[in-house]
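Asker:
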Amino acid sequence: MSTFSRFLPFLKPYLSRMMLAGLLVMGVAAINLALLRLAGTLWDIITVQHNQSRMTDLITVFLGLVVLQGLCSMGHSYLTAWISQRIVADFRQHLFAHLHTLSVSFFARRRTGELLSRLMNDVTVIQSVVTETPIDSAKQLVTFVGGITFLLTMNWRLCLLILVLLPLLVLVAKFFGRRLKSLSTSIQDQTAALSTLIEEVISGIRIVKSFVQTEREESRFAAQVEQTLSLTMQRANIMAVFVPVISLLTFSAAAAVLWYGGLQVIDGIVSPGDLFAFVLFAGILIGPFSSAARVFAQIREAQGATQRVFEILDTHSEVSDSPTATSLSTVSGHIRAEHIGFAYDPRQPVLTDISFEAKPGELVAIVGPTGAGKTTVMNLLHRFYDPTEGRITIDGQDLRQVTMDSWYRQIALVPQETILFGGTILDNIRYGNREATEEEVIAASRAAHAHDFIMSFPDQYQTVVGEKGINVSGGQRQRIAIARAIVKNPRILLLDEATSALDSESERLVQEALEQLMKGRTTFVIAHRLTTIQRADRILVLNKGHLVETGTHAELIDHKGLYQYLYTLRLTEQLPA
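Letter by letter, the sequence shown follows residues 21 to 597 in my numbering.
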């Protein structure tokens, strides 16, 4: 219950409506009890007293109570559904917002399908326990207390036969509950694994087809489905035994009541109507008992899902704003890295004692062999991660002492793998500035040499790019991404091999766009293209996590070190055959 109590802040805005729904459902239960008692009285009037006038009056009251019960039932059904859906919507939004606060390292360790499963499936499992169950419990409480009161008043000996079952029911529920909780957690984990597999295969469907791995992926999926089915059937087997056992115990008590009560009717101690009402009351008490058993099973089942959801909410970002962080206004773009070191895994350093400087407006190229740490430097500059040693400053301020949002507003990232969202081209370009006018978007597109190909599409700027931009070519995606960066109008640019996916013609167009974009802005670029490297004001040469050389192109060529070797190698690769 301590785990479920963490949902109280989400219930608080709807407590008044929940109380109203609870009162309505309690009214339904109370009216139902009154109807049962009235049915017993009617039985005696019809079979024993033969009083037609009183029978008519009681049937009129009976019908009135039925109408009132129906109105109360309609009210509580609507309110319960509204509250339930509203709370789960609020909680999903809260969980989704929390995911945005987590650092990139969290997502590097998690698979998309797993997170999707927790956000959707697990929250749905929890939904009924924290919303519908409390309201339904109010109904069952009134039914139980009212029913027991009537039974004790009518015949306490018969009532004892029913109450004897309570300890036995608790023991049975506890026995089955342990296994249900364990299975529920396993099923949720397996569902997450299944969602992950589906997401991976759909995202990589071209590779799957190209490498003729359809049968392999179908086999993997079938194996996952079979595991999920096996766990689900184990839970179904337990429930198949659990519910009938509870029902058997309760109906056994009803049979005992009917037998003992029948003897008393035969002996003239109890009237037929009272026995009829007593049996009806005993019958409806099966409801609270069965409901309690079902709720207990649901709670145990939801505990696994709750733990998985709150595991995410209890995770805190490794990169966050310092309590003393201040907001940046405008920056000149003077960046310094002072003896920075970094490791994704403490056992394996990625960067060691790296220092460099970029003055406002400079173009800094980062080169080095694969695995040298180039992308990691970009991640630290963007502050996706913080250095484990040393510091990075902007205009003399430590990046850890400025708010992340204000820093992100100063920079624009054009990554190696361009990410577009599944909306229109216009929406994707405006992602850099949601307030940009259509004229500003078109100007940015012209600067990125994207306007002409956009206008060639039938829907022009309203063209839907598809999931991850699948409906446009790699070069077109890259130019849309550059237009997105231009619209943002940043002071600092981070280009991670921004032209690596382009053909010669597209590269020429994009380079012209980048030259316009880079004017007056501090730019860091990871580049293999010789033209980009040669134009750099400063070149950083990395190797195995160390900064081995720094200088201009001419200085590094004269130095005859690693840079000259890499440059000569690339020059050879780019010579015409």
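Every residue, glycine too, gets a C-beta built ideally from N, C-alpha and C.
(1) Please tell me whether Ile445 and Gln480 are closer than 9 Å, where the distance is taken between their beta carbons.
(2) For the candidate residues Ser215, Leu550, Thr543, Asn399, whose alpha-carbon lies nearest to that of Ile355?
(3) Between Val4 and Ala505, how many whole angstroms is the CB-CB distance? I'm expecting something under 8 Å.
(4) Thinking just about the alpha-carbon of each residue, which of Arg528, Arg26, Gln436, Arg429 is nearest to the one in His469?
(5) Could you check what DSSP says for Arg558 in three-state terms: helix, strand or coil?
(6) I'd like to know if Leu203 contacts chain C, where contact means its C-beta is closer than 9 Å to some C-beta of that chain.
(7) Ends of the beta strand (DSSP E) at His120?
(8) Suppose the cutoff is 6 Å on Cβ atoms and the five residues either side in sequence are ignored; what does the same chain contact list for Ser352 look like?
(9) Whose C-alpha, out of Gly565, Ile559, Thr67, Leu515, is nearest the C-alpha of Val545?
(10) For the beta strand (DSSP E) containing Ile512, list its first residue and its last residue.
(11) Identify which residue in Val507, Val484, Ile439, Ala212 has its Cα closest to the Cα of Ala463.
(12) So within the stretch 356 to 404, which uninterrupted alpha helix (DSSP H) runs reach at least 4 residues, ignoring any that extend past its ends?
(13) Taking 8 Å as the limit between beta carbons, can you name the residues of its chain near Gly361, skipping five residues before and five after?
(14) Which residues does DSSP list as the beta-bridge partners of Asn563?
(15) Looking at C-beta atoms only, is the number of pairs between the stretch 554 to 567 and the stretch 380 to 391 that lie closer than 8 Å three or more?
(16) Any heavy atom of the ligand NAD closer than 8 Å to the Cβ of Thr572?
(17) Taking the beta carbon of Gln323 as the centre, do at least 16 other beta carbons fall within 10 Å, making it buried, or is it exposed?
(18) Whole angstroms are fine: how far does the CA of Val263 sit from the CA of Arg26?
(19) Specify, as a first and last residue, the run of the beta strand (DSSP E) that Val434 falls within.
(20) Assign Phe164 to one of three DSSP states: helix, strand, or coil.
(21) With DSSP run on the structure shown, which of helix, strand or coil describes Ile502?
(22) Between Asn453, Met75, Gly42, Ala357, which has its C-alpha nearest Gln160's C-alpha?
(23) Does the beta-carbon distance from Leu586 to Pro366 come in below 9 Å?
(24) Roughly how many whole angstroms lie between the Cα atoms of Ala597 and Leu589?
(25) Tell whether a beta-carbon distance below 9 Å holds between Arg38 and Thr151.
(26) Tell me which residues share the same chain as Ser125 and place their Cβ nearer than 7 Å to its Cβ, disregarding the 5 neighbours each side in the sequence.
(27) In angstroms with no decimal places, state the Cα-to-Cα distance between Trp176 and Phe170.
(28) What residue ranges within the stretch 224 to 268 form continuous beta strand (DSSP E) runs of no fewer than 3 residues, ordered along the chain?
(29) Specify, as a first and last residue, the run of the alpha helix (DSSP H) that Phe126 falls within.
(30) Out of curiosity, what's the CA-to-CA distance linking Ile386 and Arg541?
(31) With a Cβ-Cβ cutoff of 9 Å, do Leu136 and Glu220 count as a contact?
(32) Quick one: Cα of Ile51 to Cα of Thr163, how far?
Answerer: Working from what's here:
(1) yes
(2) Thr543
(3) Because the chain is modelled from 21 through 597, residue 4 falls outside the range shown and cannot be assessed.
(4) Arg528
(5) strand
(6) Protein chain content of the structure displayed is limited to a single chain, and chain C is not contained in it.
(7) That residue, His120, is in no beta strand (DSSP E); its alpha helix (DSSP H) goes 72 to 121.
(8) Pro380, Asp415
(9) Leu515
(10) 512 to 516
(11) Val507
(12) 394 to 402
(13) Pro369, Leu371, Thr372, Asp373, Ile374, Pro407, Thr408, Glu409, Gly410
(14) His566
(15) yes
(16) This structure simply doesn't include the ligand NAD, nor any ligand for that matter.
(17) buried
(18) 30 Å
(19) 431 to 434
(20) helix
(21) helix
(22) Gly42
(23) no
(24) For Ala597, the predicted structure reports a pLDDT of 44, less than 50, and the residue's modelled location is therefore unreliable. A value from the coordinates is still provided. Approximately 15 Å between the Cα atoms of the pair.
(25) The identity of residue 38 in the sequence shown is Met, whereas the question assumes Arg. Yes. Within cutoff.
(26) Glu338, Tyr405
(27) 9 Å
(28) none
(29) 124 to 129
(30) 17 Å
(31) no
(32) 10 Å
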